[in-house]
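See below for the structure under consideration.
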Amino acid sequence: MKIFRTGLLVLVLLVVVLVAGTLLLAGDPLFASALRTYGPGALGQPLDFGDASLSILGGSAAVEDLRIGSTEEPVAEARSVALDASTLDLLSGRLHIEEAVLDGAVLHLVIDEQGRLSIDPGPPPPEVVAEKPPRERPGRKKTPPEERDFVQIVQEYWERLQDYREYYDQVGSILGGGEGETPEEREAREARQRSRHPGRASYLGEAEADGGLSFWLGHAALTDFRWETLDQRTGGPVLPPLASLTLTLDRLGDAPAGVTEPASIAGRGELADGGRIDFALDLARDGGLSRLRFEAAELPAASIMALAAKSLPYELESGFLGIQTRKLRFGADHLEGRVKLELRDAVVRPGAGAKEVLGMKPQEFCKLLNHALAAAPVAFDFALGGSPTEPTFAIENQSDLKDILTGAVKAEAEGRAKELIDQKKDELLGGKDAGDVLGGLLGGKEEPKKGGKKNRKKRGGGGSGG
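My numbering numbers the first residue of the sequence shown as 32 and each following residue consecutively.
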């Protein structure tokens, strides 16, 4: 019996050594295989990379030349990804990353000729829509896809995500295409995706358990981050180009037990056209309201306003703007907070649907505002309400703005009065000096003639002698 126990112990130790040695020697191939198998299912897109390494003992991994999406139309790329993760979790189908650093990350954002974002999943299948029609939104004007600006596209995506959250959670993807496909085309595309990427969840609901991959990211930092955007309808960029941007991401994905803090995305950077941005987005995971802090300064108005050219009733043709939020919170059907908008050296024009502001018609308001902007910056303080897709705005500093515009009226009136006076003065004087004209009109003294003094003395002398 003692010999049996000793032999069993030796056998167990031998198995442990063999397994550990196999993992150490084959860790990289196993890691690469797990990424290729489960990665597409987690991301909802094809995934490829140049090299992948894994340290079993250190619990770290690295991926070089990562690409998410197809070779022809990638969604995102990164020069390198380094992370600390649990290898045992990864091998069991749970991708739990405690820390990651992404270097040289690039996001490719494209709007096609129908006005659809490349990361837009498209509407749910007809049977899902028939079972649960989208919510009614009275008064909403439907803009054709080819005419939508960036804000309207994001708005459409947000509304669809809220209406069909269960469906998008089921398919496990917010990235795939599909809008405009027939049922037969959709089924064929999904079949090709499943054959190439077995881990990807399907629209048909097959192999959901096999394709599901629990994902958790504790902390990530993105360095040298940029985006490449294109609007195929115009040939121009979708978003203003970046000069530099750093991002941090915390607590993203399926949180471990006990984690209730919100997911967080924060960034700071500069635009290539000028201007600075600084923001922090906290996404609540307990059903409460999410928070957004956003600050921007010296943004070129023309570049920024192009994102909402068709969404806003007023247009900025030039100048610079600054934006600052205060206590901004939001949910699916709730929005609250404050926004300060400052304009400098700007020219404002009324757009389609422009309404009265401060009791003034759009044309008159823009005229006075532009006059005030020519002298100094002007700030608007807004109180927000409604929902993220149907916000309401109330101007809080109306009295200040009225004083500014009243000053503009006064300054304009004084300027016009001075111009009128100068014009009439020139007409009256006929180009002469005002002193000469007024002196003649009021009977001013004439200059004495030459020799006049001597003649007066002679006349005076003759009188005394007689």
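Here a beta-carbon is modelled for each residue, glycine too, at the ideal position from N, C-alpha and C.
Proximity to residue i [Cα-Cα], best of the options
i    : options                   : result
F351 : L253, R299 and V409       : V409
A294 : K173, A340 and D317       : D317
I308 : I435, A274, L338 and S418 : A274
N24  : K398, K371, T420 and L399 : The chain is shown only over 32 to 497; residue 24 falls outside these bounds and no answer can be derived.
A315 : L283, A303 and A107       : L283
D134 : G90, E190, P169 and T279  : T279
E346 : F181, D434 and G382       : G382
K392 : P344, I184, R166 and Y198 : P344
D262 : L338, F424 and G384       : L338
H498 : L78, A377, D313 and A63   : In the structure displayed, the chain extends from 32 to 497; residue 498 sits before or after that span and is not available.
E292 : F424, D304 and G319       : G319
A30  : P272, Q193 and G384       : This structure cannot speak to residue 30, because the chain is shown only from 32 to 497.
S342 : G384, G305 and L74        : G384
R322 : G362, P175, E301 and P287 : G362
E129 : V182, P287, G390 and D412 : P287
Beta-carbon spacing of residue i, residue j below 8 Å
i    : j    : result
L248 : T260 : no
T277 : R257 : no
R66  : A83  : Strictly speaking, residue 66 in this sequence is Leu, with Arg absent from that position. Yes, Cβ-Cβ distance for L66 and A83 is below 8 Å.
E373 : R264 : no
L359 : L400 : no
R357 : R369 : yes
S117 : H127 : yes
E108 : V137 : yes
A328 : F310 : no
G146 : I184 : yes
T420 : E190 : yes
L78  : I99  : yes
Cβ-heavy atom distance, residue i to the ligand SAM, below 7 Å
i    : result
E162 : For the structure depicted, the ligand SAM is absent and the ligand set is empty, with no information on it obtainable.
Cα-Cα separation between residue i and residue j, rounded to whole angstroms
i    : j    : result
L404 : G353 : 14 Å
I142 : P268 : 9 Å
L114 : S418 : 37 Å
L436 : I335 : 25 Å
F396 : P169 : 29 Å
D180 : P156 : 25 Å
G289 : G266 : 48 Å
D255 : L61  : 30 Å
E167 : K398 : 38 Å
D285 : K433 : 51 Å
D281 : H250 : 4 Å
S349 : A333 : 6 Å
P331 : S91  : 43 Å
A340 : S64  : 47 Å
E210 : E158 : The predicted model places E210 with a pLDDT of 40, which falls under 50 and marks its position as unreliable, so this point remains unresolved.
L253 : F246 : 18 Å
F325 : D313 : 12 Å
R225 : T102 : The predicted position of R225 is uncertain, since its pLDDT is 47 and thus under 50; a value taken from the coordinates is nonetheless stated next. Taking the straight line from one Cα to the other gives about 18 Å.
G198 : S430 : For clarity, residue 198 is Tyr in the given sequence; the question names Gly instead. Those two C-alpha atoms are separated by around 48 Å.
L366 : Q355 : 16 Å
G81  : T68  : 15 Å
L97  : H139 : 13 Å
L206 : I87  : Note on L206: pLDDT 38, under 50, position unreliable in the model; no value is reported.
Buried versus exposed call for residue i [16 or more other C-beta atoms within 10 Å across all chains shown]
i    : result
Y195 : buried
D364 : exposed
R380 : exposed
H228 : In this prediction, H228 has a pLDDT of 38, which is less than 50 and means its spatial position is unreliable; what the coordinates show is noted afterwards. Classification for H228: buried.
L105 : The sequence shown places Pro at residue 105, rather than the Leu named in the question. Buried.
A407 : exposed
A131 : buried
E187 : buried
Q76  : buried
P164 : exposed
P71  : buried
Whole runs of the beta strand (DSSP E) within the segment 122-187, excluding any shorter than 3 residues: 125-134 and 137-142
Ranges of the beta strand (DSSP E) found wholly within the segment 337-421, counting only runs of at least 3: 345-362, 365-381 and 409-417
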